[in-house]
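Protein sequence lines correspond, in order, to chains V and Z. For the first sequence, the tail end lands on 749 under the working numbering, and the numbers increase by one without skipping. For the second sequence, the tail end lands on 400 under the working numbering, and the numbers increase by one without skipping. Glycine is no exception: its CB is placed at the ideal position from the N, C-alpha and C atoms. Single-structure report; data block below.
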Amino acid sequence: MSRVPGKKGPVPGRAGEDDDICPVCKSSRYLNQNMKFLINPECYHKMCESCVDRIFSSGPAPCPVAGCGRTLRKQRFRKQILQDIRIEREVDIRRRVNAVFNRRQEEFETLRDYNNYLEEVEILIFNLINKTDVEETEKKIAAYAADHRSTISRNKALAHEESINITAEAEAQREQARIRRAEDLQEEEDERREREEGKRALVERLANSKGNADAIVQEIERAQVKRSSAKGEKANLERRKENAMATQDPFGVTNGSAGAGFKIAGLKKVVEPEIEKDYDPYGGTALEHEYYVFQDQYEHSWLDKARTNPEITTGGYDVGEYCARAMFEAFAGLGCFIEDELGARNVAVDSGTATAAAAMAAGR
Amino acid sequence: MTEDEIYRTSTQYRLWSFTPQTLASLRSTTNQLAVEGVKSAIQSKRAEARGEGGENGERANARSVSPEVDCLTVEEEQRLVGYYCLKTMEFANFCDFPTNVMATAVQYLKRFYLSNSPMTYHPKEMMPIAVFFATKTENNYISLSKFAAKLNNTTTEQVIAPEFLLTQGLRFTFDVRHPQRGLEGGFMELLALASGKGQPAPGIEKSSMELQDEMVNVPPAEANKPQARTPGEVKSRIGSVHDKAKEILKTAALLSDAYFLYTPPQIWMSALLLVDEPLASFYLDTKIPKSSPMRSKLMITLRACMETLQSSPSARPGKDERAACTRIDKKLYKCRNPDKLDLVGMNQAQKRDGESKDGALDEKIVKKRKLERENSMKEGEDVFGPPLPKVANKQEPP
Chain V
386 MSRVPGKKGP VPGRAGEDDD ICPVCKSSRY LNQNMKFLIN PECYHKMCES
436 CVDRIFSSGP APCPVAGCGR TLRKQRFRKQ ILQDIRIERE VDIRRRVNAV
486 FNRRQEEFET LRDYNNYLEE VEILIFNLIN KTDVEETEKK IAAYAADHRS
536 TISRNKALAH EESINITAEA EAQREQARIR RAEDLQEEED ERREREEGKR
586 ALVERLANSK GNADAIVQEI ERAQVKRSSA KGEKANLERR KENAMATQDP
636 FGVTNGSAGA GFKIAGLKKV VEPEIEKDYD PYGGTALEHE YYVFQDQYEH
686 SWLDKARTNP EITTGGYDVG EYCARAMFEA FAGLGCFIED ELGARNVAVD
736 SGTATAAAAM AAGR
Chain Z
3 MTEDEIYRTS TQYRLWSFTP QTLASLRSTT NQLAVEGVKS AIQSKRAEAR
53 GEGGENGERA NARSVSPEVD CLTVEEEQRL VGYYCLKTME FANFCDFPTN
103 VMATAVQYLK RFYLSNSPMT YHPKEMMPIA VFFATKTENN YISLSKFAAK
153 LNNTTTEQVI APEFLLTQGL RFTFDVRHPQ RGLEGGFMEL LALASGKGQP
203 APGIEKSSME LQDEMVNVPP AEANKPQART PGEVKSRIGS VHDKAKEILK
253 TAALLSDAYF LYTPPQIWMS ALLLVDEPLA SFYLDTKIPK SSPMRSKLMI
303 TLRACMETLQ SSPSARPGKD ERAACTRIDK KLYKCRNPDK LDLVGMNQAQ
353 KRDGESKDGA LDEKIVKKRK LERENSMKEG EDVFGPPLPK VANKQEPP
């Protein structure tokens, strides 16, 4: 993917030679067939496995490459994946930075915002790769990671989930392909056997019957062709059915055949709906007690009866509800002074609706 | 939201609360309108009786002279309605309906006769339907036929005839807020206070024990009674107060205008004040401190309410009172609005097909209806529904 063309080794013309000699111990693949080269992302100097074992087994040690001298740990040595060590390094840097800056496009209002963000990240990566302002850049990354720990972990989980989905999908596809292949093989086998049987039957007919040999050959061939075409049709039908089923599958996970394996790009991920809050019939309005403190238990001779009488309690009657209502009605309106509050209003009302109603009722 | 704010949203507060002045003016207006209605109705009846043959001019002349009808005054109307409120209570008790049904029925009558006069609709005819409605609103429903069977010489039609009139008179509001349940709430709290578990209103700093001690030291209601010494004695005092206050709410509060003038908590508080003033003011202290301006305002209102309760007509009228009511009823016989006598007929007339009084519908109409019904049935069964109505051809644009 990010291979630099023509870059096979440090010195063109001696391709492969450099790959096979450990720069530390100078042993070559010629001497050791199983030689493996390892690198450490600290300095990316290559050395063979035995060198790593030798130098770093007893704890951290400086890099043996002349002029490097960085302290390396054995634990961090790993196999080189890409041929070009610079690209290997870049990939590592990208992986590290992207693990922190793992914002997704859905999180942005517009595409432009997202692109701007990507550009910012790219600048950071560029700085790290080219070793400009490394310290400052690292500081920035650390600060960001500290500030956005929760978003980072959430997006990480999301990405993980997606990758699992993708793996499952691929697995399902593979399974489908395997089944299909087995079916094809079986079919082929059947066909072969049939052909042989047909041949045998022809020979037998020819040997036993006394009719025209050409006519018999033609007849049998015709029958065979007929059979095989019927079979082909049947197979076709089955395949079509399968395809139909596959396209019906809403998730496309089981899409196996090449024809049905297409995917619609840019599908929006279904956003997980927020957990609905409990329905509040009062729309957030709460009753404030102005005149009393509601208690859990009230004494009252006939409330005690209601509390214990199974005839009442079995039906689910809640004495507490009665108490709440009684207390509410005891004070709902204590501070409403009708004379003060309605004095002005009633005059208007009376000359309006009430009298009109009275007039109407009193007789036209 | 506080309790007061919630109460202000009720129809009782919005439509059925009045100041004494507006209440009086409302009643006099109603009376006036009813008198006019009665007079014109009687006059037209007399003109009719005098014969259709009379000349137009003569009729017009007769109309301009108002007939001598001795109508009820506002005060007489009030007494009559009060008397029938009593009758309603008796009837509700006779039927073994709970107190809230009785109270609601009485309030329905009172509300109805704010905008209607007994001269137009006789209370005797409105009473059954008021009780019947009250059984429904108060969740104590019995079937109409069973209900009518409890009344002498009354058919279901007679009971139900004024139902729309009453609903209209109630301005389509059936909710009545009574002080009874509030009283129970108050006594629950008083008992809690007496047993040292009560709490004062939010904002007042007093412990339950302090309140209990204070409560024991509340002076007796009457000077000659002994001072309570233990919480147990306080509790028995509360019990007797409870019974007396309940009785007041059952009678005086219903028969007076208290429901129109005051809110339910004010009514039961004043009943409490009437029965046992020291206890009531101690209780108010736990709710509203003496120093707050609200307290003095509330006390004025409560005193006024007490007066209203005290001045209410007696629940057990004496001979004189009964005689007076009979006299008013006799007077009413002469000044009733003749147009509104036949409530059953009026109810029938308002309904569909009510025009023909004998009940037999015009045969043609019946046939037409039947045909229409059959057609619509047929169309309803058709899968694609009825055919589209033919639209007149639109004029094509030039």
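Member of the options whose CA lies at the smallest distance from the CA of residue i
i, options, result
"residue 427(V)", "478(V), 661(V), 670(V), 546(V)", "478(V)"
"residue 263(Z)", "7(Z), 9(Z), 24(Z), 5(Z)", "24(Z)"
"residue 158(Z)", "145(Z), 167(Z), 166(Z), 168(Z)", "145(Z)"
"residue 31(Z)", "119(Z), 106(Z), 86(Z)", "119(Z)"
"residue 201(Z)", "285(Z), 92(Z), 269(Z)", "285(Z)"
"residue 130(Z)", "253(Z), 168(Z), 380(Z)", "168(Z)"
"residue 185(Z)", "407(V), 728(V), 712(V)", "712(V)"
"residue 516(V)", "442(V), 474(V), 487(V), 576(V)", "474(V)"
"residue 214(Z)", "228(Z), 197(Z), 224(Z)", "197(Z)"
"residue 344(Z)", "124(Z), 80(Z), 103(Z), 106(Z)", "124(Z)"
"residue 237(Z)", "265(Z), 191(Z), 251(Z)", "191(Z)"
"residue 140(Z)", "194(Z), 99(Z), 331(Z), 147(Z)", "99(Z)"
"residue 568(V)", "621(V), 448(V), 589(V)", "621(V)"
"residue 606(V)", "587(V), 574(V), 521(V), 591(V)", "587(V)"
"residue 5(Z)", "577(V), 574(V), 675(V)", "675(V)"
"residue 39(Z)", "77(Z), 340(Z), 249(Z), 78(Z)", "340(Z)"
Assumed close pair residue i, residue j - CB separation to whole angstroms, cut-off 8 Å
i, j, result
"residue 346(Z)", "residue 150(Z)", "Contact flag wrong, Cβ pair sits at about 13 Å."
"residue 445(V)", "residue 463(V)", "With 8 Å as the limit, residue 445(V) and residue 463(V) do not qualify as a contact, their Cβ atoms being about 16 Å apart."
"residue 414(Z)", "residue 175(Z)", "The requested residue 414(Z) is not part of the displayed model; chain Z covers only 3 to 400."
"residue 172(Z)", "residue 113(Z)", "6 Å"
"residue 673(V)", "residue 3(Z)", "7 Å"
"residue 753(V)", "residue 308(Z)", "The structure shown does not extend to residue 753(V), since chain V is modelled only from 386 to 749, so the question has no answer here."
"residue 41(Z)", "residue 71(Z)", "6 Å"
"residue 276(Z)", "residue 188(Z)", "Contact flag wrong, Cβ pair sits at about 14 Å."
"residue 715(V)", "residue 22(Z)", "With 8 Å as the limit, residue 715(V) and residue 22(Z) do not qualify as a contact, their Cβ atoms being about 25 Å apart."
"residue 247(Z)", "residue 270(Z)", "7 Å"
Neighbour list for residue i in chain B, Cβ cutoff strictly below 9 Å
i, result
"residue 8(Z)", "Reference to chain B is not applicable here, since the protein chains of this structure are V and Z."
Extent of the continuous alpha helix (DSSP H) run through residue i
i, result
"residue 192(Z)", "182-196"
"residue 493(V)", "It is not in any alpha helix (DSSP H) - residue 493(V) carries neither H nor E in the DSSP assignment."
"residue 313(Z)", "Taken as a continuous stretch (DSSP letters only), residue 313(Z) belongs to no alpha helix (DSSP H), as it is neither H nor E."
"residue 23(Z)", "22-51"
"residue 3(Z)", "Unbroken run through residue 3(Z): none, as it is neither H nor E."
"residue 206(Z)", "Taken as a continuous stretch (DSSP letters only), residue 206(Z) belongs to no alpha helix (DSSP H), as it is neither H nor E."
"residue 16(Z)", "13-17"
"residue 172(Z)", "Element bounds for residue 172(Z): n/a, residue is neither H nor E."
"residue 280(Z)", "279-289"
"residue 335(Z)", "321-336"
"residue 699(V)", "Where residue 699(V) is concerned, there is no enclosing alpha helix (DSSP H), given that its DSSP letter is neither H nor E."
"residue 470(V)", "470-485"
Three-state secondary structure (DSSP) of residue i
i, result
"residue 407(V)", "coil"
"residue 449(V)", "coil"
"residue 93(Z)", "helix"
"residue 594(V)", "coil"
"residue 433(V)", "strand"
"residue 463(V)", "strand"
"residue 412(V)", "coil"
"residue 456(V)", "strand"
"residue 140(Z)", "coil"
"residue 70(Z)", "coil"
"residue 673(V)", "strand"
"residue 60(Z)", "Because the pLDDT at residue 60(Z) is just 48, under 50, the model does not fix this residue reliably, and the value given afterwards should be weighed accordingly. Looking at residue 60(Z) - three-state DSSP - the assignment turns out to be helix."
"residue 231(Z)", "coil"
"residue 86(Z)", "helix"
"residue 293(Z)", "coil"
"residue 636(V)", "Caution applies to residue 636(V), whose pLDDT of 46 falls short of 50 and renders its modelled position unreliable; the value that the coordinates give is listed next. In the structure shown, residue 636(V) sits in coil (DSSP, three-state: anything other than H, G, I, E or B)."
"residue 721(V)", "coil"
Where the beta strand (DSSP E) containing residue i begins and where it ends
i, result
"residue 153(Z)", "Careful: residue 153(Z) lies outside any beta strand (DSSP E) and carries neither H nor E."
"residue 424(V)", "422-424"
The ligand FAD heavy atom lying under 7 Å from the CB of residue i
i, result
"residue 522(V)", "With respect to the ligand FAD, the structure shown offers nothing to examine, as it has no ligands at all."
Point to revise | Contact list for the region 227-259 of chain Z against chain V, Cβ threshold 8 Å | key: none
Review point. Looking at chain Z, which residues of the region 672-686 of chain V have a Cβ within less than 7 Å of any of its Cβ atoms?
Key: From the region 672-686 of chain V, only 672, 673, 674, 675, 676, 677, 678, 680, 683, 684, 685 have a Cβ closer than 7 Å to chain Z.
Practice item. Residues of the region 168-194 of chain Z with a CB closer than 9 Å to any CB of chain V: list them in chain order, please. Key: 170, 171, 173, 179, 180, 181, 182, 183, 184, 185, 186, 187, 188, 189, 190, 191, 193, 194
Point to revise | chain V contacts from the region 116-129 of chain Z (Cβ-Cβ distance under 9 Å) | key: 116, 117, 118, 119, 121, 122, 123
Practice item. Return the residues of the region 326-339 of chain Z that lie within a Cβ-Cβ distance of less than 9 Å from chain V, sorted by chain order. Key: Result list: 339.
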